[in-house]
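Accompanying notes for the structure given below.
Residue numbers (the UniProt record's numbering): 1 to 227.
Now the structure itself:
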């Protein structure tokens, strides 16, 4: 794999959020040597497919600059669905690995409860329902060659653990935290970095070896001020 300075990580937030929810993760990824881009979009409007097409265009533009050998995605909540929609579009050959954090891959019961009230205002919310036949439950599987790792939050009250799973994912891990606060935990960032570099998450017993070798995330992620 090319040096980290030639690797870009594009971060995609979830519904009713904004790009700066990734501020702490962004600082830690940059400290690990990655170039970063926190991408914002009007998440409650239009559709996941619309946003997926926009994300795919962004990835193609970044690839066309010639600055990056790999372009990875780190996505949170509905951002995972946007990323899955982007995978149905034309994508650059530089596309790297994808880490999904708290993804409603099989839907969210919270979305199902809120959709009858707010669905007229937020059509993307309706698409996240966990009912049979919903958009997210009928969305096709990602291409086999795309390496996807899934991080589930241990105390996620928005997306149940089972609903984070995705057919074809390369690895899955459960980490401490809530649906959103898991983004700000050091351990989450360490696992994200490791998956981007190695294509898998590391086990607890590997943590000390990583620190000694200085090659894995545990040795390269200082806590940013205010994080």
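Ideal placement from N, C-alpha and C gives every residue a C-beta, glycine not left out.
Beta-carbon contacts of residue i that lie in its chain and below 7 Å, excluding the five residues immediately before and after
i	result
residue 54	41
Reference residue i; option with closest CA among the options
i	options	result
residue 181	22, 12 and 6	22
residue 84	116, 50 and 114	50
residue 250	60, 96 and 14	In the structure displayed, the chain extends from 1 to 227; residue 250 sits before or after that span and is not available.
residue 204	123, 174, 179 and 183	174
residue 71	161, 160, 35 and 45	35
residue 168	156, 189, 146 and 158	146
residue 189	89, 24 and 5	24
residue 18	115, 140 and 43	43
residue 118	45, 138, 8 and 59	45
residue 130	65, 112 and 103	112
residue 236	12, 62 and 7	Nothing about residue 236 can be reported from this structure: the residues present for the chain run from 1 to 227 only.
residue 201	6, 114 and 101	101
residue 6	31, 59, 66 and 39	66
residue 140	179, 184 and 89	89
residue 179	132, 114, 206 and 110	110
Cβ-based neighbour list, residue i, same chain, cut-off 6 Å, excluding 5 preceding and 5 following
i	result
residue 99	74, 149, 192 and 195
residue 14	76, 77, 78 and 79
residue 121	none
residue 134	107
residue 229	The question about residue 229 has no answer, for the chain in this structure spans 1 to 227.
residue 20	none
residue 187	175
residue 161	152
residue 217	For residue 217, the predicted model reports a pLDDT of 38, less than 50, meaning its position is unreliable; a value from the coordinates is still stated below. Correct list, in chain order: 190, 193 and 194.
Cut-off 8 Å between Cβ atoms - residues of its own chain near residue i, not counting five sequence neighbours on either side
i	result
residue 165	105, 106, 150 and 172
residue 2	Caution applies to residue 2, whose pLDDT of 43 falls short of 50 and renders its modelled position unreliable; the model cannot decide the point.
residue 8	34, 35, 36, 37, 62, 67, 68, 70, 71 and 72
For residue i: DSSP bridge partner residues
i	result
residue 71	8 and 95
residue 101	76 and 151
residue 37	10
residue 108	129
residue 175	153
Presumed contact (8 Å Cβ cut-off) between residue i and residue j, rounded CB distance
i	j	result
residue 29	residue 56	21 Å between Cβ atoms; not a contact.
residue 143	residue 87	6 Å
residue 82	residue 52	5 Å
residue 128	residue 136	6 Å
residue 157	residue 177	No, residue 157 and residue 177 are not in contact; Cβ-Cβ is about 11 Å, not under 8 Å.
residue 159	residue 116	Not a contact, Cβ separation roughly 19 Å.
Problem set entry | Start-end ranges of the beta strand (DSSP E) lying completely within the region 123 to 173, minimum 3 residues | 148 to 153
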